[in-house]
Amino acid sequence: MKKSASAHWSGGIRDGQGSISTDTGVLNEAPYGFRSRFEDGPGTNPEELIAAAHAGCFSMALSLGLGQAGLTADSIDTRAVVTLDKDGDGFAITAVHLSCRARVPGADAAGFARIAQATKEGCPVSKVLKATITLDAMLED
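The opening residue of the sequence shown carries number 198 in our numbering; numbering runs sequentially from there.
Below is the structure:
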């Protein structure tokens with residue numbers, strides 16, 4: 198399976214503007230630029246998209262892991278925070294923190310923690326990222 202997205206950019210790094218699109222059309226010329234990446238301006242940015250991909254991947258993979266243990270989640274809510282730090286003359290994604298809250302009937306905290314940790318390691322997006330990835334997973338009543 199192959200999935201793809203594209204980006205267009207015009208202009209300089211600070212005054213230029215870009216757009217990001219996906220083949221599915223979920224993103225269709227979504228704007229991005231220097232301000233949306235580094236200054237809280239309008240639009241998206243690559244780090245936000247990586248965070249969305251990681252949160253989505255982790256949630257689905259956790260559902261798989263729970264299912265393999267005979268459990269089905271009522272809900273899984275995951276937030277990913279991607280850290281972009283200065284690195285020499287450029288920047289690097291240095292960390293991702295996953296925060297997950299799940300309602301899983303019949304699950305115990307120790308078993309859930311074990312499955313969540315294995316999911317963090319095995320999620321395809323986790324595997325592609327070289328940054329330090331931390332996890333805070335909590336089973337809710």
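Ideal Cβ positions, reconstructed from N, Cα and C, are used throughout, including at glycine.
query                                                                                                                                                       : result
With the cut-off set at 8 Å, would you say residue 242 and residue 233 are in Cβ contact?                                                                   : yes
Determine the DSSP secondary structure at residue 273, reduced to helix, strand or coil.                                                                    : strand
For the putative contact between residue 227 and residue 240, defined by C-beta atoms under 8 Å, what is the C-beta separation to the nearest angstrom?     : 7 Å
Under the rule that 16 or more other beta-carbon atoms within 10 Å means buried, what is residue 275, buried or exposed?                                    : buried
Who are the near neighbours of residue 288 in its chain, counting only those whose CB is closer than 8 Å to its CB and skipping five residues on each side? : 281, 282
Within the continuous beta strand (DSSP E) that includes residue 329, where are the two ends?                                                               : 329-337
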